[in-house]
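Enquirer: First the structure, then my questions, so here it is.
Residue numbers (our numbering): 7 to 207.
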């Protein structure tokens with residue numbers, strides 16, 4: 007069982023990371039016309055604003071949000087690896103759509119509107135659909151930290167290619183929003199301590 011201060015530390019790190027991933031999703035929404043992405047962006051933005059006000063079920067919320075954050079990074083990666091940035095396979099779009107619906111349920115759970123057990127089961131289905139294992143994710147945080155700068159450059163290159171015809175001011179705002187992308191992957195970078203180190207999921 008996590009102590010309250012451990013959950014609060016995790017939520018504090020998540021607040022920072024959700025702020026940046028929200029900015030990244032905003033960039034994608036402005037750049038790529040893809041189904042479900044605006045819904046995911048707006049729901050993520052709302053969750054980001056609620057994190058600091060979580061008073062109950064902190065441990066469960068932290069666990070869910072860490073997994074949400076992992077999936078959000080996976081979605082960003084999906085678009086980066088797509089040749090066009092928007093023409094994704096139907097199966098991938100179905101998974102993203104399922105995630106968008108589950109994300110809304112998690113949003114409601116955080117606000118205390120629904121029972122956690124059902125929400126966790128729904129989220130677990132989406133989580134597995136993206137072939138991500140939570141234990142592996144935590145174990146690989148150190149490796150993800152090493153590769154984050156390379157992924158950061160991929161994002162900048164991706165946005166640059168898609169916004170060649172944009173105004174200078176817009177391109178500048180895109181790059182500003184992405185300049186802190188290095189904090190997205192490892193939750194505990196700010197404290198030099200990976201989230202989940204010594205904690206039980």
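Each residue gets a CB set at the ideal place from its N, CA and C atoms; glycine is no exception.
Comparing C-alpha positions only, which one of 83, 49, 163 and 18 sits nearest to residue 108?
Expert: Ranking 83, 49, 163 and 18 by Cα distance to residue 108 puts 49 first.
Enquirer: Look at residue 21 and residue 60 and say whether their C-beta atoms are less than 7 Å apart.
Expert: Cβ atoms of residue 21 and residue 60: not closer than 7 Å.
Enquirer: Inspect the beta-carbon positions of residue 70 and residue 102 and report whether they are closer than 7 Å.
Expert: The answer is no: Cβ separation not under 7 Å.
Enquirer: For residue 13, collect the residues of the same chain with a Cβ closer than 7 Å to its Cβ; drop the 5 residues on either side in sequence, then sort them by chain order.
Expert: For residue 13, where only same-chain residues beyond five positions count, the Cβ hits under 7 Å are 64, 65 and 68.
Enquirer: Suppose the cutoff is 8 Å on Cβ atoms and the five residues either side in sequence are ignored; what does the same chain contact list for residue 88 look like?
Expert: 94.
Enquirer: I'd like the span of the alpha helix (DSSP H) that includes residue 51, first residue to last.
Expert: Here the alpha helix (DSSP H) through residue 51 covers 43 to 56.
Enquirer: Return the first residue and the last residue of the alpha helix (DSSP H) that residue 64 is part of.
Expert: Residues 64 to 87.
Enquirer: Just how far apart, CA to CA, sit residue 55 and residue 78?
Expert: Going from the Cα of residue 55 to the Cα of residue 78 covers about 16 Å.
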